[in-house]
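Quick note, the sequences are listed as chains A and B, same order. Residue 10 in our numbering is what sits at position 10 of the first sequence, and the numbering runs on without skipping anything. Convert by adding 1000 to the 1-based position in the second sequence; the result is the number in our numbering. Quick reminder that beta carbons are idealized off the backbone N, C-alpha and C, glycines included. Only a predicted model underlies this, so the values are computations on that prediction, with no experimental measurement involved.
Number of protein chains: 2
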Amino acid sequence: MTDNLQIKMDDFLPLRDVVFNTLRQAILTGDLKPGERLMEIHLADKLGVSRTPIREAIRKLELEGLVIMIPRRGAEVAQITEKSMNDVLEVRQSLDALCVELACDRITAEELENLKRACVGFELAVKTKDTKKIAQADVALHDIILKATGNDRLINLVNNLAEQMYRYRFEYIKDATQHDMLVEEHRQIYESIVKKDKDAASKAAWTHIENQKKAIIHQIRLDQESK
Amino acid sequence: MTDNLQIKMDDFLPLRDVVFNTLRQAILTGDLKPGERLMEIHLADKLGVSRTPIREAIRKLELEGLVIMIPRRGAEVAQITEKSMNDVLEVRQSLDALCVELACDRITAEELENLKRACVGFELAVKTKDTKKIAQADVALHDIILKATGNDRLINLVNNLAEQMYRYRFEYIKDATQHDMLVEEHRQIYESIVKKDKDAASKAAWTHIENQKKAIIHQIRLDQESK
DNA sequence: TATATATATCGTGTATACAAAAAACACTTA
DNA sequence: TAAGTGTTTTTTGTATACACGATATATATA
């Protein structure tokens, strides 16, 4: 573990939530590596809190599947395998398709306008070739669709699944050869939603994730080989 | 809260997990009612443990959405609204459709054989008119399909969503007028999987949940009115 | 009687203490 | 040297202690 694990005294959240967010971020960004043990006193010292909030945070990470518990041995960061990532992406594919279908039914005129702007925003971001900007524009666009579904449970699940791929998403977006395809995929999704064509929208969303799936699995295989 | 909240010294699980399971069950079966406060010392006394495992269990319930946290006031059992249940069922509809599609691709000959037996088993259970038996046969059947997907993440999510409707499922199954329809729906799903007809399977699963959705929403409205 | 203010009570949030299990280590013996 | 055994260390699991915020209660004053 690199030592840039530091608590952000963001706000008035209970310590357990601050710790939870900190550890979560550290795992998702790869700062805490798969297989690494999470030792309570160690983390407590590092974050300047007692074991109690650490333990409560770990309980949540456990339920999220980001760490696995070994009895009487504590928590360690869950391994990411090709299989586990494929499982996640299969589910996302299905849920993203559901998202756009629901969006067709429920999106408001104002949200549709925002979505249009977000598409243009993404295109502009791509032109800057700034990976961070592209990623942000991508998130913004997807957030609009998510919100338009009006289904809180769905929003939660999709956000959670999306975060599981955080580590690989960046690699994916960095790959400039994909950029035109991404713009086109977004355009198709947008157009389908405008036309309230659920079938087309769902297919477009499916393809969108399918491409990500291919790219991410490819990346994982590269990672595996380099070991 | 009725007082039949008692710890099951099931096994060698850490207390936090025993408490988690106990509270979870109590919430899902309606023994702990929506809006009811979960007070730590109170629960700790009742279950004969200290506050620590109680708190850790609550953290997990929090992430699962079964309780909501109010800062400096503690946890209370989350309300079930028509909206929240509809949200859950929309997602389940999508994921159950995914389940049978994946099952079409991946089910083994042996599992297919089991599925056939489970269909017959369900038909027999229906004839006994014993609600508990019917529910069990239903779970058994769905478990076979779930397992056949080979997607662990999906299995987790679907099981979790299914449990959220636990309270209403029983009412649904009790309703004898639905029984023939249920048998028929299961038959259609089975047949489609045999034929590896993903489209038909997915539609059948969708309808299967759609009917449950109607029944459950109906039930919730009745509950609301009686208040 | 009604309102405001002081005080007590209750419950969470966090830290610490203690027990027991597991792992690491050293020592003995064949 | 290798295997077995006893001992120490580390780390989790659980209980308890303490502080502080929030609410309720009681008292005083208009």
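Chain A residues whose Cβ lies nearer than 8 angstroms to that of residue i
i: B/V1038; result: What sits at residue 1038 of chain B in the sequence shown is Leu, not Val. Within chain A, no residue comes near B/L1038; the closest Cβ sits about 15 angstroms away, beyond 8 angstroms.
i: B/S1094; result: S94, L95, A97 and L98
Bridge partners - residue i, DSSP secondary structure assignment
i: A/A75; result: A/L38 and A/M69
Chain B contact residues for residue i, given Cβ-Cβ distances below 7 angstroms
i: A/D87; result: N1151, D1152, R1153 and L1154
i: A/L63; result: K1060, L1063 and E1064
Anticipated Cβ contact below 8 angstroms, residue i with residue j, distance rounded
i: A/V126; j: A/H179; result: 5 angstroms
i: B/I1070; j: B/E1076; result: 7 angstroms
i: B/E1082; j: B/I1217; result: 6 angstroms
i: A/G74; j: A/R37; result: 6 angstroms
i: A/L47; j: A/V67; result: Contact flag wrong, Cβ pair sits at about 16 angstroms.
i: B/R1059; j: A/K60; result: 5 angstroms
i: A/V158; j: B/R1153; result: Actually they are not in contact, since the Cβ atoms of A/V158 and B/R1153 sit about 13 angstroms apart, beyond 8 angstroms.
i: A/R51; j: A/A44; result: 5 angstroms
i: A/L228; j: B/S1094; result: Residue 228 of chain A lies beyond the stretch modelled for chain A, which goes from 1 to 227, so this question has no answer here.
Per-residue DSSP class, three states only, for residue i
i: B/T1029; result: coil
i: B/M1165; result: coil
i: B/L1013; result: coil
i: B/K1230; result: Because chain B is modelled from 1001 through 1227, residue 1230 of chain B falls outside the range shown and cannot be assessed.
i: A/N159; result: helix
i: A/S50; result: coil
i: A/T81; result: coil
i: B/D1175; result: coil
i: B/T1108; result: coil
i: A/G121; result: helix
i: B/S1192; result: helix
i: B/D1096; result: helix
i: A/A103; result: helix
i: A/V19; result: helix
i: A/N86; result: helix
i: B/S1226; result: coil
i: A/D197; result: coil
Chain A residues whose Cβ lies nearer than 9 angstroms to that of residue i
i: B/V1091; result: L95, L98, N151, R153, L154 and L157
Closer than 7 angstroms: residue i CB and nearest the ligand HEM heavy atom
i: B/D1175; result: Of ligands this structure carries none, so the ligand HEM is not represented either.
### Query
Quick one, which residues of the segment 26-59 of chain A are near chain B if we go by CB-CB under 9 angstroms, in chain order?
T52, R55, E56, A57, I58 and R59
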